[in-house]
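Residue 247 in this note's numbering sits at position 224 of the sequence shown, and the numbers go up by one each step.
Everything on this sheet refers to the single structure shown next.
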Amino acid sequence: MNNLYDMIALNIDLFILILIRVSGLFIIAPIFGRNNLPMIMKIGLSALVAFILLPTISTNFTLQQYSFMALGINAAKELLLGIIIGYICFLYFSTLYLAGTIIDTQMGFGMVNVFDPQLNIQMPIMGNFYNLMVTLLFLIFDGHHLIIRGLVYSYELLPIGFTFIISEDIISKLIVIMMEVFILAFKFSAPILVTILLANLLLGILARTMPQMNVFIVGLPFKIIIGLLTATITLQFLVPFSERLFDRMFGALQDIMYILSRG
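Spelled out as structure tokens, the structure:
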């Protein structure tokens, strides 16, 4: 036990910088960044991960801090990098929220939202449902382990003390990621959008052939039933879609870290 304390004491500045990068990741990353997790749990988990990484990083890198200002600059860079890694993962998880918003608008649930404790905002019903399902699949596929593995991999490309430059390539990559998130959300919601479009066409035909029928009263529950039936049928495609989403997410993480490593 004394050897462990001695190792931390001899590398206290390195331990703090590792802890800051891990904490930046846990601020916003899926699963780890949920607001309903106790803060003491996040701090303890961040310290545990930093303690596990310390022996590996300390043997491959010697940190030279000549002033408190240099330590503060490196700490700011570590925090920003951790937030960027977590934010990329959060963007891809937002695909389900965006798809749920599109689906709810077409089904008639646009004004019915539920409270999301992670973001402290109102979220669409279907978006919240799909997010919970994909979160469970993420845990089943050990995605949280892959996030930590990506954090470890970041020290190979971006060691402590790296030069942080926001280049044109990183901005272009972020734009591509946001476009990809929108495209994935539209593809995911496409089956329900098509069925509701057909339902609207049917209601339009009925309105022309049967003017005495109140289409507005009949149409709302009809579209909800059609949308829920289609959502139930398409649940079988949620697993392959989630696998593709996770692959894109971790691929984007590697690309972002590679671009940052080039400076």
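The beta-carbon is built from N, C-alpha and C at its ideal position, and this holds for glycine as well.
Bear in mind the structure is a predicted one, so any value in this text is a computation, not a measurement.
Query: Within the same chain, show all residues whose beta-carbon is closer than 7 Å to that of I122, passing over the 5 residues directly before and after it, in chain order.; Result: Residue identity differs from the one stated: residue 122 is Ala in this sequence, not Ile. Within the same chain, A122 has close Cβ partners G150, Y153, A208, F211 and S212.
Query: Confirm, please, whether the CB-CB distance from M92 to L181 is below 8 Å.; Result: no
Query: On the DSSP bridge assignment, give the partners of P263 in chain order.; Result: P263 pairs with nothing; no bridge assigned.
Query: Spatial neighbours of I215 within its chain, please: C-beta separation below 8 Å, excluding the five flanking residues on both sides.; Result: I126, Q129, M130, G250, T253, A254 and T257
Query: Start and end of the alpha helix (DSSP H) containing A122?; Result: F91 to M130
Query: Select from D192, G67 and F49 the residue whose C-alpha is nearest the C-alpha of I106.; Result: F49
Query: Would you be able to state if there are at least three C-beta pairs under 8 Å between the stretch 266 to 276 and the stretch 233 to 247?; Result: no
Query: Is it true that the stretch 173 to 189 meets the stretch 97 to 111, where meeting means three or more beta-carbon pairs spaced less than 8 Å apart?; Result: yes
Query: How many Å lie between P78 and L197 at the Cα?; Result: 33 Å
Query: Can you give me the C-alpha to C-alpha distance between I188 and A275, rounded to a whole angstrom?; Result: 18 Å
Query: Which of the three DSSP states, helix, strand or coil, is assigned to M236?; Result: coil
Query: Please classify P182: does DSSP put it in a helix, a strand, or coil?; Result: coil
Query: Measure the alpha-carbon distance for G184 versus L103 and round it to whole angstroms.; Result: 13 Å
Query: If I54 and F161 are in contact, beta carbons under 8 Å, what's the gap, nearest whole angstrom?; Result: 7 Å
Query: Identify which residue in Y120, I228 and F74 has its Cα closest to the Cα of R44.; Result: F74
Query: According to the neighbour-count rule (16 or more other Cβ atoms, all chains shown, within 10 Å of its Cβ), is N97 buried or exposed?; Result: buried
Query: Can you tell me whether F239 is buried or exposed? The criterion is at least 16 other CB atoms within 10 Å of its CB, across all chains shown.; Result: exposed
Query: So for P78, helix, strand or coil by DSSP?; Result: helix
Query: Which ranges would you report for the beta strand (DSSP E) in the stretch 156 to 229 if only whole runs of at least 3 residues count?; Result: none
Query: Going by C-alpha to C-alpha distance, which of I194, L76, M156 and G166 sits closest to D278?; Result: I194
Query: By the three-class DSSP mapping on this structure, what secondary structure does P53 have?; Result: coil
Query: Quick check: what's the CA-CA separation for G47 versus V217?; Result: 41 Å
Query: Measuring CA to CA, which of M233, M236, F113 and V241 is closest to I170?; Result: F113
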